[in-house]
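Numbers 489 to 766, taken from the numbering used here, label the letters of the sequence shown in order.
Glycine included, every Cβ here is placed at the ideal spot set by N, Cα and C.
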Amino acid sequence: MNAPNPSTPLADLDEWELAHTQKDKDFRNYGDGVADRVRSFYRANHHNQTVDFVRAKKADFLALNRRQMSIWEAMEFLNTLVDESDPDTELSQIQHLMQTAEAIRADGHPRWFILTGLIHDLGKILCLWNEPQWAVVGDTFPVGCAFSDKIVFSEFFADNPDRQNPAYQSKYGVYKEGIGLDSVELSWGHDEYLYHVVKDHLPEEGLAMIRYHSCYPIHHEGEYSYLLNDHDRHLMSWVRTFNPYDLYSKGQAPPDVAALTPYYQDLIAEFFPPVLSW
Ligand SMILES: [Fe+2]
Ligand SMILES: [Fe+2]
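Pasting the structure below:
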């Protein structure tokens, strides 16, 4: 098998999530080259996600000057992203979003929560602006302080230039105890980007689900608790409530996108203006 392309090692943009859905975390049993692809993906991610990289991406993308479009147009735009895996067995991006939202709806959660499920991955449109996969998806983690060894493939941080900067390698790094996650730089990806696009339009619990849903070291492993404040701990309980809908709704029957479209267009209009800056 050829070595995976370092900027697009994943055949499917969600392959990295296997680390969380499979009990066997050593990746030996995935077959089909997936272990090599996920390793290659995290090698690039952990090498490149530095404090300087995160700041540069924020300065660029958070200007939100690339496009003006509605939430629905962003869903259709994201759906043009074609993964290289078998299209007969994989869900489209819109199907993943609707499936997540439908699972939340079926459990009787509030409308803002359903809407959060619907939009939570729209930040993946970064891929359509030629960002490498490692700068869009994968687990996120704080930068500017010591990397936790509970981060998936933490051995690859050996190649991260921030490892050589003592200011970034103490327990607290550039932060203070209990500083609050809003003041902590996380590795750059689709979570942080979408948070800034939608932050004026959803309750803060929904915004936290969007902003931290890939931050498994914090919401799943309980690492970096010394950076959180009490409000973050409240928000993390909501992120953990959201997580199973993201990970485990994928096995269910594909949603009927056409039939569900009117319901979701009404839901979007209830919370969002007709056009947003992306
Ligand atoms: Fe996501
Ligand atoms: Fe997702």
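Beta bridge counterpart(s) of residue 556 as assigned by DSSP: By one-based count along the sequence shown, residue 556 stands at place 68. Per the DSSP secondary-structure output, residue 556 pairs in a beta bridge with 765.
Residues of its chain near residue 675, where Cβ-Cβ distance is below 7 Å and the 5 sequence neighbours each way are ignored: Stepping through the sequence shown from its first residue, residue 675 is reached at position 187. The residues are 537, 542, 628, 629 and 631.
To the nearest angstrom, report how far apart residue 609 and residue 582 are at their CA atoms. By one-based count along the sequence shown, residue 609 stands at place 121. By one-based count along the sequence shown, residue 582 stands at place 94. Put simply, the backbone Cα of residue 609 is about 9 Å away from that of residue 582.
Find out if the Cβ-Cβ distance for the pair residue 677, residue 727 is shorter than 8 Å. The residue labelled residue 677 in the question sits at position 189 within the sequence shown. The residue labelled residue 727 in the question sits at position 239 within the sequence shown. Against a cut-off of 8 Å, the Cβ pair of residue 727 and residue 677 comes out as no contact.
Quick check on this structure: which residue in 594, 616 and 643 has the alpha carbon closest to the alpha carbon of residue 527? Walking along the sequence shown from the start, residue 527 turns up at place 39. Of all alpha-carbon atoms in 594, 616 and 643, the one lying nearest the alpha-carbon of residue 527 is that of 643.
Close-in-space but distant-in-sequence residues of the same chain around residue 683 (CB under 7 Å, 5 per side omitted): What you label residue 683 is simply residue 195 of the sequence shown in a count that begins at 1. Hits under 7 Å: 695, 698 and 699.
On the three-state DSSP scale, how would you describe residue 735? Here residue 735 refers to the residue found at position 247 of the sequence shown. Helix, per DSSP.
According to DSSP, which residues form a beta bridge with residue 630? Stepping through the sequence shown from its first residue, residue 630 is reached at position 142. Its beta-bridge partners are 674.
Between residue 707 and ligand 2, is the CB less than 7 Å from at least one heavy atom? For the purposes of this step, residue 707 is taken as residue 219 along the sequence shown, with counting starting at 1. Incorrect: residue 707 has no Cβ contact closer than 7 Å to ligand 2.
Roughly how many angstroms lie between the CA atoms of residue 529 and residue 523, to the nearest whole one? Residue numbering aside, residue 529 sits at position 41 when the sequence shown is read from its first letter. Residue numbering aside, residue 523 sits at position 35 when the sequence shown is read from its first letter. C-alpha separation (whole angstroms): 10 Å.
State the Cα-Cα distance for the pair residue 707 and residue 568, rounded to the nearest angstrom. The sequence position of residue 707 within the sequence shown is 219, counting from 1. The sequence position of residue 568 within the sequence shown is 80, counting from 1. Spanning the two alpha carbons is a distance of roughly 30 Å.
Thinking residue 586 and residue 748 are a contact (beta carbons under 8 Å), I'd like their distance in whole angstroms, please. In the sequence shown, counting from the first residue as 1, residue 586 sits at position 98. In the sequence shown, counting from the first residue as 1, residue 748 sits at position 260. Residue 748 and residue 586 do touch by the CB rule: their CB atoms are close to 6 Å apart, below 8 Å.
If we ignore side chains and look at the alpha-carbon of each, how far apart do residue 751 and residue 737 end up? For the purposes of this step, residue 751 is identified with residue 263 of the sequence shown, where counting begins at 1. For the purposes of this step, residue 737 is identified with residue 249 of the sequence shown, where counting begins at 1. The straight-line gap from Cα to Cα measures roughly 19 Å.
Could I get the ranges of all uninterrupted alpha helix (DSSP H) runs contained in the region 650-697, with 4 residues as the minimum, in chain order? If one requires a minimum length of 4 residues, the alpha helix (DSSP H) runs lying completely within the region 650-697 are 678-686, in chain order.
Is the region 651-659 close to the region 602-622, with three or more CB pairs under 8 Å? Touching, no, given that fewer than three Cβ pairs across the two stretches are closer than 8 Å.
Can you list, in chain order, the residues of its chain whose CB lies under 7 Å from that of residue 560, leaving out five sequence neighbours each side? Position 72 of the sequence shown, counted from the first residue, corresponds to residue 560. 753 and 756.
Where residue 617 falls, given that 16 or more other Cβ within 10 Å makes a residue buried: Taking the sequence shown and counting its residues from 1, the one referred to as residue 617 is at position 129. It counts as exposed.
For residue 590, which residues in the same chain have their Cβ closer than 6 Å to its Cβ, ignoring the five residues on either side in sequence? Here residue 590 corresponds to residue number 102 of the sequence shown, with the count starting at 1. Sequence-distant Cβ neighbours of residue 590 in its own chain, meaning closer than 6 Å and more than five residues away, are 743.
According to DSSP, is residue 835 part of a helix, a strand, or is it coil? Since the displayed the chain opens at 489 and closes at 766, residue 835 lies outside it and no answer follows.
Check whether the Cβ atoms of residue 614 and residue 685 sit closer than 8 Å, and answer yes or no. Taking the sequence shown and counting its residues from 1, one reaches residue 614 at position 126. Taking the sequence shown and counting its residues from 1, one reaches residue 685 at position 197. No; because the gap between Cβ atoms is not below 8 Å, this pair is not in contact.
Roughly how many whole angstroms lie between the Cα atoms of residue 690 and residue 759? Within the sequence shown, numbered from 1, the residue matching residue 690 stands at position 202. Within the sequence shown, numbered from 1, the residue matching residue 759 stands at position 271. Looking at the two C-alpha atoms, the distance is approximately 7 Å.
Near ligand 1: residue 609 beta-carbon under 7 Å from a heavy atom: The sequence position of residue 609 within the sequence shown is 121, counting from 1. For residue 609, the distance from the CB to the nearest heavy atom of ligand 1 is below 7 Å.
Nearest to residue 592 by CA position, among 762, 731, 550 and 663, is which residue? One-based indexing of the sequence shown puts residue 592 at position 104. It is 731 whose Cα lies nearest to the Cα of residue 592.
Using a threshold of 7 Å, is the CB atom of residue 754 nearer than that to any non-hydrogen atom of ligand 2? Position 266 of the sequence shown, counted from the start, is the residue given in the question as residue 754. No, since every heavy atom of ligand 2 falls outside the 7 Å radius drawn around the Cβ of residue 754.
To the nearest angstrom, report how far apart residue 584 and residue 716 are at their CA atoms. Locating residue 584 in the sequence shown gives position 96, counting from the first residue. Locating residue 716 in the sequence shown gives position 228, counting from the first residue. If I take the Cα positions, the gap works out to 30 Å.
Going by beta carbon distance, what residues of the same chain come within less than 7 Å of residue 680, once the five residues before and after it are set aside? Counting from 1 along the sequence shown, the entry for residue 680 is found at position 192. Beyond the five residues adjoining it in sequence on each side, residue 680 comes within less than 7 Å, by CB distance, of 674 and 699 in the same chain, given in chain order.
Buried or exposed (CB count within 10 angstroms, at least 16 for buried), residue 671: As a working note, residue 671 is residue 183 in the sequence shown. Answer is exposed; the Cβ neighbour count stays below 16.
Going by beta-carbon coordinates alone, are residue 723 and residue 612 separated by less than 8 Å? As a working note, residue 723 is residue 235 in the sequence shown. As a working note, residue 612 is residue 124 in the sequence shown. No; because the gap between Cβ atoms is not below 8 Å, this pair is not in contact.
Which of the three DSSP states is assigned to residue 637 in this structure? Stepping through the sequence shown from its first residue, residue 637 is reached at position 149. The answer is coil: DSSP assigns residue 637 none of H, G, I, E or B.
Span of the alpha helix (DSSP H) holding residue 606? As a first step, residue 606 is located in the sequence shown; it is residue number 118 there, counting from the start. Boundaries of the alpha helix (DSSP H) around residue 606: 599-607.
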